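Inspection log for the structure reproduced underneath, given as structure tokens.
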Amino acid sequence: MATHYHMTIAGCERDLPICPLSDKLSIGAFVIFGDCELTQACAAELLKKAPAFDYIITAESKGIPLAYEMARQCGAPKWLLARKGAKLYMRDVFSVEVRSITTDHVQKLYLDGEDAALMRGKRILVVDDVISTGESLAALEKLVTEAGGEICGRMAILAEGDAQQREDIIYLEKLPLFTPDGTPLD
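Each residue of the sequence shown is one higher than the one before, starting from 80 at the first, in the working numbering.
Put into structure tokens, the structure is as follows:
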């Protein structure tokens with residue numbers, strides 16, 4: 080029984096733990112939190128492929144290090160974050176619902192009105208660590224559209240499952256889904 084899946088991502092070798100989602104399906108857990116080498120390498124590789132953009136947006140929380148590092152490397156003074164909860168400092172907040180493969184319930188994403196105003200009429204690059212079902216991506220796109228932004232691209236470090244077949248996503252590597260015993264599914 081395989082417990083890890085070995086990958087090379089942006090020149091960095093990593094062993095992803097295989098985690099069960101159900102009695103029929105497991106995923107390779109990809110977490111860039113705390114992995115500065117991997118985050119920096121992935122940001123650099125994605126920026127080489129990125130279309131022209133005015134702002135980067137991601138959803139809380141696993142996309143945060145990637146969005147920050149991409150903005151830092153390209154010299155952007157600001158990047159945008161869709162939060163999982165409205166914060167006291169946020170004004171004129173609007174939200175959308177999202178269901179992610181790694182979350183067992185419906186969540187909401189919230190966008191601050193000031194950030195929404197910044198997006199109006201601008202090219203927005205949507206980034207995330209992994210795109211799988213596309214639900215989080217769709218929620219981010221809805222926020223951007225409601226704010227009046229123009230989605231210029233969709234990027235992720237890894238594409239998992241059906242996302243690998245999408246032609247509208249730019250990604251670095253494919254991440255398979257797994258059987259419960261850790262065997263990659265085709």
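Beta carbons are placed, not taken as given, at the ideal position from N, Cα and C, and that holds for glycine.
A quick note: this is a predicted structure, and the numbers were derived from the prediction, not measured.
Contacts around GLU220, its chain only, beta-carbon distance under 7 angstroms, and the 5 residues preceding and following it disregarded: Here the question's residue 220 lines up with position 141 in the sequence shown. Same-chain partners within the cutoff: VAL205, ILE230.
C-beta contact flag for ILE97 and HIS85 at 8 angstroms: The residue given as residue 97 occupies position 18 in the sequence shown. The residue given as residue 85 occupies position 6 in the sequence shown. Cβ atoms of ILE97 and HIS85: not closer than 8 angstroms.
Cβ-Cβ separation, ALA161 to GLU139 (assumed contact under 8 angstroms), whole Å: Here residue 139 refers to the residue found at position 60 when the sequence shown is read from its first residue. Here residue 161 refers to the residue found at position 82 when the sequence shown is read from its first residue. Confirmed, about 7 angstroms.
C-beta contact flag for ILE236 and ILE88 at 8 angstroms: In the sequence shown, residue 236 corresponds to position 157, counting from 1. In the sequence shown, residue 88 corresponds to position 9, counting from 1. In contact: ILE236 and ILE88 (Cβ atoms closer than 8 angstroms).
Continuous beta strand (DSSP E) assignments of at least 3 residues falling wholly in the stretch 162-249: Fully enclosed beta strand (DSSP E) runs of 3 or longer: 173-177, 186-190, 202-210, 229-239.
Reduced DSSP category for GLU139 - H, G, I as helix; E, B as strand; rest coil: Along the sequence shown, one-based indexing puts residue 139 at 60. Residue state, collapsed to three classes: coil.
Buried versus exposed call for GLN152 [16 or more other C-beta atoms within 10 Å across all chains shown]: Looking up residue 152 in the sequence shown gives position 73. GLN152 should be labelled exposed.
Spatial neighbours of MET234 in its chain, beta-carbon cut-off 6 angstroms, leaving aside the 5 residues before and after: Position 155 of the sequence shown holds residue 234. Correct list, in chain order: LEU125, VAL206, ILE249.
beta-carbon ILE111 near the ligand GTP non-hydrogen atom, thresh 7 angstroms: With respect to the ligand GTP, the structure shown offers nothing to examine, as it has no ligands at all.
Simplified DSSP assignment, three categories, for LEU100: In the sequence shown, residue 100 corresponds to position 21, counting from 1. Reduced to three states, the DSSP call for LEU100 is coil.
Host beta strand (DSSP E) of THR87 (start-end): Taking the first residue of the sequence shown as position 1, residue 87 is located at position 8. For THR87, the enclosing beta strand (DSSP E) has its first and last residue at 83-88.
Residue range of the alpha helix (DSSP H) that includes LEU125: As a first step, residue 125 must be located in the sequence shown, where it is residue number 46. First-last of the alpha helix (DSSP H) with LEU125: 115-128.
Residue of LEU188, LYS163, LYS166 minimising C-alpha distance to VAL175: Looking up residue 175 in the sequence shown gives position 96. Relative to the Cα of VAL175, the nearest Cα in the group LEU188, LYS163, LYS166 belongs to LEU188.
Whole-angstrom C-beta distance between GLU239 and SER211, which should lie under 8 angstroms: The count along the sequence shown starts at 1 and reaches residue 211 at position 132. The count along the sequence shown starts at 1 and reaches residue 239 at position 160. Contact flag correct, Cβ pair sits at about 4 angstroms.
CA-to-CA distance, ALA129 to ILE136, given in whole angstroms: Start at 1 with the first residue of the sequence shown, and residue 136 comes out as number 57. Start at 1 with the first residue of the sequence shown, and residue 129 comes out as number 50. If you draw a straight line from the Cα of ILE136 to the Cα of ALA129, it comes to about 13 angstroms.
Whole-angstrom distance between LEU190 and ARG199, CA atom to CA atom: What you label residue 199 is simply residue 120 of the sequence shown in a count that begins at 1. What you label residue 190 is simply residue 111 of the sequence shown in a count that begins at 1. Rounded to whole angstroms, the gap between the alpha carbons of ARG199 and LEU190 is 13 angstroms.
Enclosing beta strand (DSSP E) for GLY107 [first to last residue]: Counting from one through the sequence shown, the residue named residue 107 turns up at place 28. That run of the beta strand (DSSP E) goes 105-107.
Test item: CB-CB of SER101 and PHE257 under 8 angstroms: On the sequence shown, position 22 is the one that residue 101 refers to. On the sequence shown, position 178 is the one that residue 257 refers to. Against a cut-off of 8 angstroms, the Cβ pair of PHE257 and SER101 comes out as no contact.
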